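Asks:
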Amino acid sequence: MKNFAPAASLALLAALLLTAPTFAKRAAPRKNADDHPLSIPAGDNDQTLRAMRDELERARTRLVIPGVDKPFYIEYRLIDVDLRTVTASFGALLASSTTRSRQMVVDVRVGNYHLDSSNFLSEDGFQGFLGRTGQVGIDRDYHSLRQDLWLATDQAYKEAVTQMSLKQAFLRSLTKPPEIDDFAQAQPVVRVDPRGEPDWTSRKWEEEARLASAALKNFPQLYGTRVTYSLLYTTTYRMTSEGTLIRESHHIAGIEAGMDTEAEDGMPLRNFYAYYSLDPSGLPDAASVAKGLTEAASDLSAERDAALVPDYTGPVLFDAPAAAQTLAQVLEPSLSGARPPLATTNEFEEFLDRYGGRSEWTGRVNTRVLPTSVSLIDDPTAKDFGGTPLLGRYDLDAEGVPGQRVSVVENGLLKNLLMSRRPGPDFYASNGHARSAMLSDPQPLSSNLFFQSSSALSPADLHKKFMDACKDDGHEWCLEVRRMADPALSALQSEDFSEFVGEMAGGFGNGMRMPLLVYRVYVTDGHKEPVRGGILDALTLRSLRNMLAIGNDSTVYTYMQNAADALAGTALGSFGSIQNGIPSTIISPSILLDDVEVRGFHGEPRRLPLVPPPPLE
Amino acid sequence: MKSQRNVRSLLLGLIVSASAWACPAAEGARDGSITLPPVLNAMQVELDRSFAALSKGDPAAYFISYTVSDRNYAEVSGSNGALLSSSEDRARWLEVQTRVGGYHLDDTHKIADRQPSWSSPGTTVSLDDDLAVLRREVWRETDRQYRAASQALIKVKTSQQVQVQTAEGAAPDFSAEAPHVSIGQRVDLHVDRKPWEERVRRYTAEFSKSPYTLNSIVTFTALGMNQYQTDTEGAKIAFGEVHYRLELFVQSKAPDGMDIQRYANFDWLDPKEAPDDQTVSGAVQRLIHETEALDQAPLADPYAGPTLLTGRAAAVFFHEVFGHRVEGFRQKDISEGQTFTSKIGEQIMPDFISIKDDPTEKALNGQMLLGYYPFDDEGVAGTNTLLVDRGVLKTFLMSRSPLRDVPHSNGHGRRQLGFTPVARQGNLIVSSSNGMPFSELRQKLIDMVKQEHLPYGLLIDDIEGGFTFTGRGQPQAFQVTPLVVYRVFADGRPDQLVRGVNIVGTPLVSLSKIVGTSDKQEIFNGYCGAESGSVPVSAVAPAVLISEMEFAKKETSTDRPPILPPPAHDPQAKGQQP
Numbered sequence: 000m001k002n003f004a005p006a007a008s009l010a011l012l013a014a015l016l017l018t019a020p021t022f023a024k025r026a027a028p029r030k031n032a033d034d035h036p037l038s039i040p041a042g043d044n045d046q047t048l049r050a051m052r053d054e055l056e057r058a059r060t061r062l063v064i065p066g067v068d069k070p071f072y073i074e075y076r077l078i079d080v081d082l083r084t085v086t087a088s089f090g091a092l093l094a095s096s097t098t099r100s101r102q103m104v105v106d107v108r109v110g111n112y113h114l115d116s117s118n119f120l121s122e123d124g125f126q127g128f129l130g131r132t133g134q135v136g137i138d139r140d141y142h143s144l145r146q147d148l149w150l151a152t153d154q155a156y157k158e159a160v161t162q163m164s165l166k167q168a169f170l171r172s173l174t175k176p177p178e179i180d181d182f183a184q185a186q187p188v189v190r191v192d193p194r195g196e197p198d199w200t201s202r203k204w205e206e207e208a209r210l211a212s213a214a215l216k217n218f219p220q221l222y223g224t225r226v227t228y229s230l231l232y233t234t235t236y237r238m239t240s241e242g243t244l245i246r247e248s249h250h251i252a253g254i255e256a257g258m259d260t261e262a263e264d265g266m267p268l269r270n271f272y273a274y275y276s277l278d279p280s281g282l283p284d285a286a287s288v289a290k291g292l293t294e295a296a297s298d299l300s301a302e303r304d305a306a307l308v309p310d311y312t313g314p315v316l317f318d319a320p321a322a323a324q325t326l327a328q329v330l331e332p333s334l335s336g337a338r339p340p341l342a343t344t345n346e347f348e349e350f351l352d353r354y355g356g357r358s359e360w361t362g363r364v365n366t367r368v369l370p371t372s373v374s375l376i377d378d379p380t381a382k383d384f385g386g387t388p389l390l391g392r393y394d395l396d397a398e399g400v401p402g403q404r405v406s407v408v409e410n411g412l413l414k415n416l417l418m419s420r421r422p423g424p425d426f427y428a429s430n431g432h433a434r435s436a437m438l439s440d441p442q443p444l445s446s447n448l449f450f451q452s453s454s455a456l457s458p459a460d461l462h463k464k465f466m467d468a469c470k471d472d473g474h475e476w477c478l479e480v481r482r483m484a485d486p487a488l489s490a491l492q493s494e495d496f497s498e499f500v501g502e503m504a505g506g507f508g509n510g511m512r513m514p515l516l517v518y519r520v521y522v523t524d525g526h527k528e529p530v531r532g533g534i535l536d537a538l539t540l541r542s543l544r545n546m547l548a549i550g551n552d553s554t555v556y557t558y559m560q561n562a563a564d565a566l567a568g569t570a571l572g573s574f575g576s577i578q579n580g581i582p583s584t585i586i587s588p589s590i591l592l593d594d595v596e597v598r599g600f601h602g603e604p605r606r607l608p609l610v611p612p613p614p615l616e
Numbered sequence: 000m001k002s003q004r005n006v007r008s009l010l011l012g013l014i015v016s017a018s019a020w021a022c023p024a025a026e027g028a029r030d031g032s033i034t035l036p037p038v039l040n041a042m043q044v045e046l047d048r049s050f051a052a053l054s055k056g057d058p059a060a061y062f063i064s065y066t067v068s069d070r071n072y073a074e075v076s077g078s079n080g081a082l083l084s085s086s087e088d089r090a091r092w093l094e095v096q097t098r099v100g101g102y103h104l105d106d107t108h109k110i111a112d113r114q115p116s117w118s119s120p121g122t123t124v125s126l127d128d129d130l131a132v133l134r135r136e137v138w139r140e141t142d143r144q145y146r147a148a149s150q151a152l153i154k155v156k157t158s159q160q161v162q163v164q165t166a167e168g169a170a171p172d173f174s175a176e177a178p179h180v181s182i183g184q185r186v187d188l189h190v191d192r193k194p195w196e197e198r199v200r201r202y203t204a205e206f207s208k209s210p211y212t213l214n215s216i217v218t219f220t221a222l223g224m225n226q227y228q229t230d231t232e233g234a235k236i237a238f239g240e241v242h243y244r245l246e247l248f249v250q251s252k253a254p255d256g257m258d259i260q261r262y263a264n265f266d267w268l269d270p271k272e273a274p275d276d277q278t279v280s281g282a283v284q285r286l287i288h289e290t291e292a293l294d295q296a297p298l299a300d301p302y303a304g305p306t307l308l309t310g311r312a313a314a315v316f317f318h319e320v321f322g323h324r325v326e327g328f329r330q331k332d333i334s335e336g337q338t339f340t341s342k343i344g345e346q347i348m349p350d351f352i353s354i355k356d357d358p359t360e361k362a363l364n365g366q367m368l369l370g371y372y373p374f375d376d377e378g379v380a381g382t383n384t385l386l387v388d389r390g391v392l393k394t395f396l397m398s399r400s401p402l403r404d405v406p407h408s409n410g411h412g413r414r415q416l417g418f419t420p421v422a423r424q425g426n427l428i429v430s431s432s433n434g435m436p437f438s439e440l441r442q443k444l445i446d447m448v449k450q451e452h453l454p455y456g457l458l459i460d461d462i463e464g465g466f467t468f469t470g471r472g473q474p475q476a477f478q479v480t481p482l483v484v485y486r487v488f489a490d491g492r493p494d495q496l497v498r499g500v501n502i503v504g505t506p507l508v509s510l511s512k513i514v515g516t517s518d519k520q521e522i523f524n525g526y527c528g529a530e531s532g533s534v535p536v537s538a539v540a541p542a543v544l545i546s547e548m549e550f551a552k553k554e555t556s557t558d559r560p561p562i563l564p565p566p567a568h569d570p571q572a573k574g575q576q577p
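Following this line, the structure appears as structure tokens:
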């Protein structure tokens with residue numbers, strides 16, 4: 000077993016959130032190992048479930064420190080990851096790799112449903128030598144996995160015992176300890192699917208990446224480009240002391256491309272292209288990708304020559320894809336009904352504020368939160384919308400609970416929230432919305448989110464309404480946003496995204512949003528001109544309570560929610576990529592908002608490169 | 000314009016003195032007819048174009064260098080009898096250095112105690128030999144580094160006006176060196192990972208047979224590296240190296256919670272020299288035996304007295320307490336302890352000891368030296384450098400960051416990919432003019448123990464590289480962790496293995512207390528981590544006897560051993576076999 004690198008200090012969010020809780024199920028103590036019927040198909044030589052069962056059983060019956068609580072909940076999670084990625088730039092190959100790995104996370108809790116060792120963040124804690132997470136053998140054999148699970152279970156138990164005593168001490172210091180349970184109960188689930196085997200032969204990955212990216216040679220004004228094809232196969236295993244036993248295989252393929260350049264005044268400009276499909280055969284061919292890239296590059300080139308947007312307050316029309324991206328950023332933090340963990344420091348609170356992770360809908364059930372015509376539904380069981388597959392679909396969530404359709408908002412009134420097995424002040428039970436990628440901590444997130452209105456306008460009527468509102472405000476022109484920025488996809492290097500999170504992300508807590516393609520639309524004749532450099536300010540849930548109009552042009556926006564513990568569920572959570580992301584969709588129409596504040600660019604222009612770019616041919 | 004001309008004449012002067020001093024004149028340099036590999040060609044074309052413009056910029060660039068590391072890497076890793084991973088990867092990594100200002104004062108000048116900003120993570124570049132795409136990436140990175148350097152220079156100039164300069168701070172920031180033109184053979188890596196997958200499974204399964212083993216990892220790696228360098232002084236270098244490595248690692252826990260770990264490694268250059276199964280299995284058995292013995296060994300008491308270090312242990316000791324302190328850049332940095340800064344020409348250890356660092360040696364007595372390289376990461380040829388001559392300190396390990404008294408590089412500017420090169424060790428070789436057979440040295444230890452009326456002396460057989468505190472803010476002490484320590488009794492009882500001690504003390508004192516050495520050198524190959532990342536090094540030394548060394552108790556883990564026995568060694572466990 001290889002250790003995950005220990006966090007250098009507890010001060011940081013990452014460390015705080017790595018210990019964020021997962022939630023246990025109803026303990027239904029079993030008498031012996033045979034209670035876990037391992038319905039593994041004949042001829043399947045995967046020893047994983049057998050090793051998990053035997054070690055879990057040994058721990059459940061015999062793992063105890065004299066004088067201390069026994070574990071009341073034990074959970075094993077494993078993931079097999081087979082990943083193929085190919086990256087090309089301007090027709091040349093930058094990287095090509097195929098990797099296979101397996102990770103393990105063990106969770107042990109002491110206490111009971113009402114009060115257990117989870118859901119608590121503290122600066123102190125147990126420092127073990129191998130930890131309860133790590134990379135384990137990929138042979139799907141019996142003995143090495145038992146050895147790894149044995150040590151991880153031992154470490155997890157000692158960690159739980161330490162956490163429990165710290166938590167109890169902390170609770171005694173509070174005048175009114177929270178009354179909400181730590182665990183919600185749920186029915187155990189047994190489901191063993193056939194294991195999916197990776198197949199890399201369905202596409203000519205390197206050839207297609209070279210071919211598609213070569214289209215960008217027609218845009219020598221671009222500084223850099225990256226076109227990445229990814230194909231990811233995962234098999235997840237989940238076993239709990241309550242009797243849940245799951246083996247599921249999934250796969251997803253994607254093309255993600257970023258490109259950048261600078262305007263004449265030195266303003267950095269970026270664009271992206273993304274396409275996802277559960278099956279590799281669903282990806283477009285190289286010629287179609289080349290076409291999509293060409294379109295993105297043309298838009299970016301037009302941005303270079305676009306005028307700077309001045310400060311502006313007034314109506315803004317969000318085209319459907321931009322509306323979907325905006326809704327993802329604004330709504331996601333408030334969809335979760337789970338309560339935040341108890342913490343001995345206020346760093347967690349500060350973090351929620353900084354990245355826009357705080358729910359504004361807690362305690363607002365049955366009050367109006369959106370326009371009265373609007374309903375909001377999250378439906379992991381939906382397969383497609385108008386023929387477009389919905390990638391947020393799943394049967395069981397990351398805690399083994401069947402995914403349920405949840406009607407969050409009806410006629411503008413808040414009716415429900417997305418729940419994992421972590422209860423909150425408004426709702427107790429899970430409705431199957433715990434989501435996770437690569438064994439990240441499961442938390443309540445959207446899957447396929449439908450934003451619908453009972454009084455939607457045709458595109459022509461919507462445009463007219465937009466222009467009328469613009470006139471009424473006395474503007475010569477108003478702004479239309481075609482797409483929002485996605486720094487996770489447009490960044491050419493992963494450090495660029497980290498830099499963005501470090502420098503810019505704080506604004507998202509105050510409702511800062513970054514548009515990508517913005518046009519001013521003139522009242523006189525409706526003609527459009529691209530503009531650049533604007534940032535939307537203070538666009539929060541409150542801005543969505545009243546909308547000027549909603550279109551009837553719903554489209555599916557497919558994206559990857561970032562599963563990183565520090566980002567998932569915050570306003571930044573919609574910035575993910577296939578390798579760390581949770582497949583999700585938002586089905587949204589165009590929306591027209593009033594009184595949107597746009598901040599124009601006020602910085603100092605940067606100087607352009609002293610040396611012009613070399614030719615591409 | 001005037002200042003520029005001055006810089007150029009200074010540059011010419013330095014080159015002349017440089018070639019006279021250390022570097023062989025580049026034969027191919029005047030011969031314009033050499034054929035450059037495609038990558039180097041793309042770098043060169045872009046270098047010429049960039050320098051033509053940036054050398055006239057404001058601020059003017061006076062030096063630009065490009066390095067592309069074309070790295071083919073295979074790794075097979077196993078744990079507890081199963082494969083952890085098996086993969087092969089290829090990547091080309093570009094690093095750009097753009098210096099603005101002049102050799103004497105440039106953007107890299109260290110400002111007081113501020114840590115230098117490592118602004119050169121570099122970037123991946125095309126694996127295809129596509130000239131246009133390679134040039135595009137090089138251009139982009141050059142612009143990025145030039146912008147960063149321009150901003151850094153402003154800060155440097157401001158600090159010059161407001162801060163007092165130290166004596167070593169007056170040394171130039173960069174040395175001009177005679178350029179090398181050397182186009183070597185490209186190397187290719189062809190590895191069949193299958194047999195290694197079986198071997199790592201087998202070796203780690205062998206470890207698991209011991210109930211003392213908590214965890215074991217065995218890793219085979221093969222690295223084929225082709226490095227291309229070019230700079231505006233005229234260097235054009237291409238060379239390739241292949242290196243194979245097998246590492247064995249086992250972890251255990253003593254009953255009191257102390258972590259026990261044993262490690263062994265094999266390094267080789269030619270696939271034919273790979274260690275055979277029997278050799279590796281022997282090492283596995285030795286590590287298991289040592290682990291089991293250490294688990295049961297008593298805790299050592301604090302001790303001060305005569306101590307014998309075997310060759311391998313002494314090699315690590317010299318690397319840590321001497322080698323790191325003669326790295327040139329530390330002499331310039333006021334936040335460093337500067338133990339040896341003013342000691343050139345002084346006796347710092349007994350006169351029977353001489354030390355050199357010789358990166359040009361590929362092997363010693365038929366055994367590979369891991370710190371070999373033809374050119375360092377600043378394009379300077381690796382040079383055999385005599386550091387200590389019969390106990391007297393002669394010079395420092397130098398990169399292209401000069402000192403007042405040592406104005407040139409001796410080819411020790413090294414880095415891990417993505418770090419800025421600084422002076423580092425290569426093959427640190429300690430020799431003695433006064434060696435005796437190990438058995439005599441051991442007897443000498445016993446004699447000293449008797450003289451001092453001590454019950455026992457200590458024999459250190461293996462040392463894990465500790466962390467050498469060289470900074471001024473920390474005590475000028477070193478702490479290295481001895482992994483295998485024996486008590487050697489004065490009364491002739493058999494040696495007793497003990498655990499749980501750290502060596503403590505101050506380096507100058509311990510070096511001066513060497514009283515004898517063996518007549519046989521031993522080699523330690525490893526990776527050394529410091530300011531410029533992790534670099535492959537060797538340390539070579541005979542066994543040494545030190546008249547007084549101090550040992551303190553090691554901080555031990557409070558984490559108790561696992562509550563349940565290992566699943567494969569649990570008499571009560573059921574359902575063992577699927």
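Protein sequences, first through last, are from chains R and H. Residues 0 to 616 in numbering that gives the first Met the number 0 are what the first sequence spells out, letter by letter. Residues 0 to 577 in numbering that gives the first Met the number 0 are what the second sequence spells out, letter by letter. Built from N, CA and C at the ideal position, the CB exists for glycine as well. Note that the coordinates shown come from a computational prediction; the quantities given were computed from them, not determined experimentally.
1) Is residue 249 of chain R helix, strand or coil by DSSP?
2) Anything in chain H within Cβ reach of residue 150 of chain R, meaning under 8 Å, just list it in chain order.
3) Using the three-state DSSP reduction, which class does residue 33 of chain R fall into: helix, strand or coil?
4) Could you tell me whether any Cβ in chain R is nearer than 7 Å to the Cβ of residue 568 of chain H?
5) Give me the subset of the stretch 498-521 of chain H whose CB atoms are less than 7 Å from a CB atom of chain R, sorted by chain position.
6) Using a Cβ-Cβ cut-off of less than 7 Å, list which residues of the stretch 38-57 of chain H approach chain R; keep chain order.
7) Closest to residue 353 of chain R by C-alpha separation, out of R:210, R:321, R:570, would be which residue?
8) Does the beta carbon of residue 83 of chain H come closer than 7 Å to any beta carbon on chain B?
9) Taking all protein chains shown into account, do 16 or more other C-beta atoms lie within 10 angstroms of the C-beta of residue 497 of chain R, making it buried, or fewer, making it exposed?
10) Quick one: Cα of residue 526 of chain H to Cα of residue 506 of chain R, how far?
11) Residue 161 of chain H by DSSP, collapsed to three states: which one?
12) Counting only beta-carbon separations shorter than 7 Å, does residue 380 of chain H have a partner in chain R?
13) In chain R, which residues lie less than 9 Å from residue 126 of chain H when you measure between Cβ atoms?
14) When DSSP builds the beta bridges, which residues end up paired with residue 135 of chain R?
15) Should residue 106 of chain R be flagged as near chain H, meaning a C-beta pair shorter than 7 Å?
16) List the residues of chain R whose Cβ lies closer than 7 Å to the Cβ of residue 178 of chain H, in chain order.
17) Among all the DSSP beta bridges, which residues are the ones paired with residue 102 of chain H?
Replies: Looking at the atomic coordinates:
1) Of the three classes helix, strand and coil, the one that applies to residue 249 of chain R here is strand, per DSSP.
2) 213, 214, 561
3) Interpretation of residue 33 of chain R is limited by its pLDDT of 45, a score under 50 that renders its predicted location unreliable; the figure taken from the coordinates is listed afterwards. Reduced to three states, the DSSP call for residue 33 of chain R is helix.
4) no
5) none
6) 45, 48, 49, 52, 53, 56
7) R:570
8) Absent from the structure is chain B; the protein chains it does hold are R and H.
9) exposed
10) 43 Å
11) helix
12) no
13) 91, 92, 93, 94, 95
14) Its beta-bridge partners do not exist; DSSP assigns none.
15) no
16) Chain R residues near residue 178 of chain H: none, gap ~22 Å exceeds 7 Å.
17) Looking at the DSSP assignment, residue 102 of chain H forms no beta bridge with any residue, so it has no partner.
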